[in-house]
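Below you'll find the structure, written out as structure tokens, and then a few comments.
Protein chains in written order, with our numbering: chain A, 1 to 422; chain B, 423 to 713.
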């Protein structure tokens, strides 16, 4: 190559390098601009009318919020309402004049990460921890060591609130044993004697099933259990195997989200006359309803906990409508989040402030007959030194049924739980 | 095995994996390089269209066009800003560029999560017809469209690679970059064409498959692995080989769980991958060179 050729080649290379950089920069810039022009909907708006804003020294509260794994289908709703509730609390005087400062960690519902995130929240000064994740139970030894009162906001597995290491841990939602009682009641009423189960392979689902299945087997025979990866794109094979066992009903058990929809649609296609039940509280995941093809969720019966005749539910719904619009589909996760913050506030106020976790913890155990924002009218939560799960009966649960518009339109007419203690 | 719905699912998965494998094939044919970012490209195609329609009210086909163009641009940036500079600096070693593009895979996933959020969005139905039912089986509009487009794309690619000048140049550059450069062929331009074309194919695959189970920012890694395995199984002898590999993989994904249960799928796919890597790394359809 001649000298002039090499200069020209060098010039061309330099031009191309600049062109590549310019193209890359343009794409990156476009990405940031587009992403910035259309911000995601994460983050709740600030709540409440400006009133007596709390201005004292902040009380740090930690939240372990899995906002990135498959559980985000329900943790996002919970997280936003937790923030909304805290904003409302701060705008109306906080805890005896002290605002709550929320610090957030993310364990991605990974049981190996939950203890570390808990420790991290404590190191940031958390005096109370709200767990919005699928793996809160793995943090119990760490919580016990740190002595920080903690609530598993949407957790339904009793493990978090029972010994060992439960001195500082609390639950709101009705335990799985109550779920089994409600499902059994519904199946007894509708003549279901055999069920097939389709589930994902997550550790959370496995934990749920280990507790639930023995309870369910007291009233039905589980003829087949099929498992598929939570990230699978197809469950036709699993549903075909379920179909071969000819169950009276199918129960879909998973973390919710796209797997639940895929499973329900596949069962609808291959077993169109078989009643379908959902363990995944799909009724509380409005973001997933649009994933379903039109009409494919019609008839699905799902465990929920919202009764429109509960005055506390009505009050919360009105509050949420003020901030998220009249068409905001309130879910049990909103109610759980709201009540978790109110319980925390109650305990902190009775303890004379939120900076003494031991006193706050003692006051958590003294909360009785707190009127819940979910369940049937009058349903309340009660705690004591020996009772760290607040549920006080089956009527914290409501079986809801989907309509042809792929939305939960009514309570399941054939059966609803009574308020007898389980 | 006689349930037609199982075969419909297998064909649907097979067509999707085949399109992803074709994306790999195009880059491999044009550059001799495995671009593991194919899966995230497909994810960006499906997810960005859904996001534009659902979150910002874009008209469907405008959103699709933007999604395709964005994915093609992403592929171009991968070549210009990552692969080419890394390969230039690393001489003949392929490993640094493979590592770099694997980092690109994760970077795209993270960026997608930040921009589009982490919840799954429903894929957009591009064909507005009623599902076709026969007996107890159903062919959804998205299944039908995916099948038709797959045949058209593979047929078009086969003709393009064989008959067009750029297609022939693609094969020439892929066979030997040094020889092509010595002959004065536009190596860098062909490489760029290969990447952009793979982005287009991946975007189409993502758009067509997204309606099946939705699409999220974390879909890319699974899709990258599935497409790669389909290419390994099918081979690179012809343009149609990735489709054969995809269909075989799709059938395995349906019939292994059907006969052996859901948990067996991961193990048996791992065994399949090991068998092919160990005994037939060139795939079922291997290119033969006369000497």
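Where a beta carbon is used, it is the ideal one built from N, C-alpha and C, also for glycine.
Every value quoted in this text rests on a predicted model; they were computed, and no experiment measured them.
What residues in the region 236-260 of chain A have a beta carbon less than 9 angstroms from any beta carbon of chain B? Hits within the stretch, in order: 236, 237, 238, 239, 240, 241, 243, 257, 258, 259.
In the DSSP output, which residue or residues are listed as bridge partners for residue 129 of chain A? Answer is A:62, A:150.
Going straight from the alpha carbon of residue 199 of chain A to that of residue 582 of chain B, what length do you get? Approximately 45 angstroms between the Cα atoms of the pair.
Locate the beta strand (DSSP E) running through residue 556 of chain B, then write down its first and last residues. Counting along the chain, the beta strand (DSSP E) containing residue 556 of chain B begins and ends at 554-556.
Based on the DSSP secondary-structure assignment, which residues constitute the bridge partners of residue 249 of chain A? Its beta-bridge partners are A:195.
Ignore the nearest five residues each way along the sequence and tell me which others in residue 441 of chain B's own chain have a CB closer than 7 angstroms to its CB. Counting only Cβ-Cβ distances below 7 angstroms, and skipping sequence neighbours, we find 572, 575, 623, 626, 627.
Report the option in A:112, A:78, A:53, A:346 whose CA atom is closest to the CA atom of residue 65 of chain A. Among A:112, A:78, A:53, A:346, the Cα nearest to that of residue 65 of chain A belongs to A:78.
Counting pairs of Cβ atoms below 8 angstroms between the region 398-409 of chain A and the region 284-304 of chain A, do you hit three or more? Yes, since at least three Cβ pairs between the region 398-409 of chain A and the region 284-304 of chain A fall closer than 8 angstroms, the two stretches touch.
Check whether the region 449-469 of chain B touches the region 587-595 of chain B, taking contact to mean three or more Cβ pairs, one atom from each stretch, closer than 8 angstroms. Contact annotation: the region 449-469 of chain B touches the region 587-595 of chain B, with at least three C-beta pairs closer than 8 angstroms.
Which residue spans inside the region 208-241 of chain A form an unbroken beta strand (DSSP E) run of at least 3? With a minimum length of 3 residues, the continuous beta strand (DSSP E) runs that stay inside the region 208-241 of chain A are 221-228.
Residues in the region 213-239 of chain A with C-beta within 9 angstroms of chain B's C-beta atoms, listed in sequence order? Listed in sequence order: 226, 227, 228, 229, 231, 232, 233, 234, 235, 236, 237, 238, 239.
For residue 408 of chain A, which three-state DSSP category applies? Here residue 408 of chain A sits in strand by DSSP.
Run through DSSP, which three-state label would residue 355 of chain A get? Residue 355 of chain A: coil per DSSP, three-state reduction.
From the beta carbon of residue 207 of chain A, is the nearest beta carbon of chain B less than 8 angstroms away? No, residue 207 of chain A lies away from the interface with chain B (no Cβ there is under 8 angstroms from its Cβ).
I need the straight-line Cα distance from residue 308 of chain A to residue 457 of chain B, nearest angstrom please. Using only the alpha carbons, I get a separation of about 54 angstroms.
In three-state terms, what does DSSP make of residue 388 of chain A? Reduced to three states, the DSSP call for residue 388 of chain A is coil.
Would the region 184-200 of chain A count as touching the region 159-170 of chain A if we require 3 or more Cβ pairs under 8 angstroms? Under the Cβ criterion (8 angstroms, minimum of three pairs), the region 184-200 of chain A does not count as touching the region 159-170 of chain A.
How far does the beta strand (DSSP E) with residue 303 of chain A in it extend, from its first residue to its last? Unbroken beta strand (DSSP E) run through residue 303 of chain A: 301-304.
With a CB to CB cut of under 8 angstroms and the five nearest residues on each side skipped, what residues in its chain are close to residue 531 of chain B? When the five nearest sequence neighbours on each side are left out, the beta carbons in the same chain lying within less than 8 angstroms of the beta carbon of residue 531 of chain B are those of 462, 465, 639, 640, 642, 643, in order along the chain.
Proximity to residue 611 of chain B [Cα-Cα], best of B:658, B:483, B:487, B:501: The shortest C-alpha separation from residue 611 of chain B is found at B:501.
Looking at chain A, is there any beta carbon in it that lies within less than 8 angstroms of the beta carbon of residue 650 of chain B? So, not an interface residue.
Report the neighbours of residue 72 of chain A on chain B: residues whose CB is nearer than 7 angstroms to its CB, in chain order. For residue 72 of chain A, the residues of chain B that pass the 7 angstroms Cβ criterion are 540, 541, in the order they occur in the chain.
What three-state label does DSSP hand residue 383 of chain A in the structure shown? In the three-state reduction of the DSSP assignment, residue 383 of chain A falls in the coil class, being assigned neither a helical nor a strand state.
Can you tell me where the beta strand (DSSP E) with residue 101 of chain A in it begins and where it stops? Taken as a continuous stretch (DSSP letters only), the beta strand (DSSP E) holding residue 101 of chain A covers 100-105.
Nearest-angstrom Cα separation, counted from residue 122 of chain A out to residue 138 of chain A: A direct Cα-Cα distance of roughly 16 angstroms separates residue 138 of chain A from residue 122 of chain A.
Unbroken beta strand (DSSP E) run spanning residue 276 of chain A, endpoints: For residue 276 of chain A, the uninterrupted beta strand (DSSP E) segment begins and ends at 276-278.
Take the Cβ of residue 550 of chain B as the centre, count every other Cβ of all protein chains shown within 10 Å, and call the residue buried at 16 or more, exposed below. By the neighbour-count criterion, in which 16 or more other beta carbons inside 10 Å mark a residue as buried, residue 550 of chain B falls on the exposed side.
Short of 9 angstroms Cβ to Cβ, which residues in the region 161-187 of chain A face chain B? If you check each beta-carbon in the region 161-187 of chain A against every beta-carbon of chain B, none falls closer than 9 angstroms.
Contact list for the region 460-475 of chain B against chain A, Cβ threshold 7 angstroms: Within the region 460-475 of chain B, no residue qualifies.
In angstroms, rounded to a whole number, what distance separates the CA positions of residue 705 of chain B and residue 62 of chain A? In a straight line, the C-alpha of residue 705 of chain B is about 53 angstroms away from that of residue 62 of chain A.
Under 7 angstroms Cβ-Cβ, which residues of chain D neighbour residue 560 of chain B? No chain D is part of this structure, whose protein chains are labelled A and B.
Under 8 angstroms between the Cβ atoms of residue 204 of chain A and residue 135 of chain A? Taking 8 angstroms as the Cβ cut-off, residue 204 of chain A and residue 135 of chain A qualify as a contacting pair.
Contact the region 167-186 of chain A vs the region 100-112 of chain A: 3+ CB pairs below 8 angstroms: In the pairwise beta carbon analysis, the region 167-186 of chain A is classified as not touching the region 100-112 of chain A: fewer than three pairs are separated by under 8 angstroms.
Starting from residue 169 of chain A and walking both ways along the beta strand (DSSP E), at which residues does that stretch end? From DSSP, the beta strand (DSSP E) with residue 169 of chain A extends over 169-171.
Quick check: residue 698 of chain B and residue 637 of chain B, are their CB atoms within less than 8 angstroms of each other? Residue 698 of chain B is not a Cβ neighbour of residue 637 of chain B, given a cutoff of 8 angstroms.
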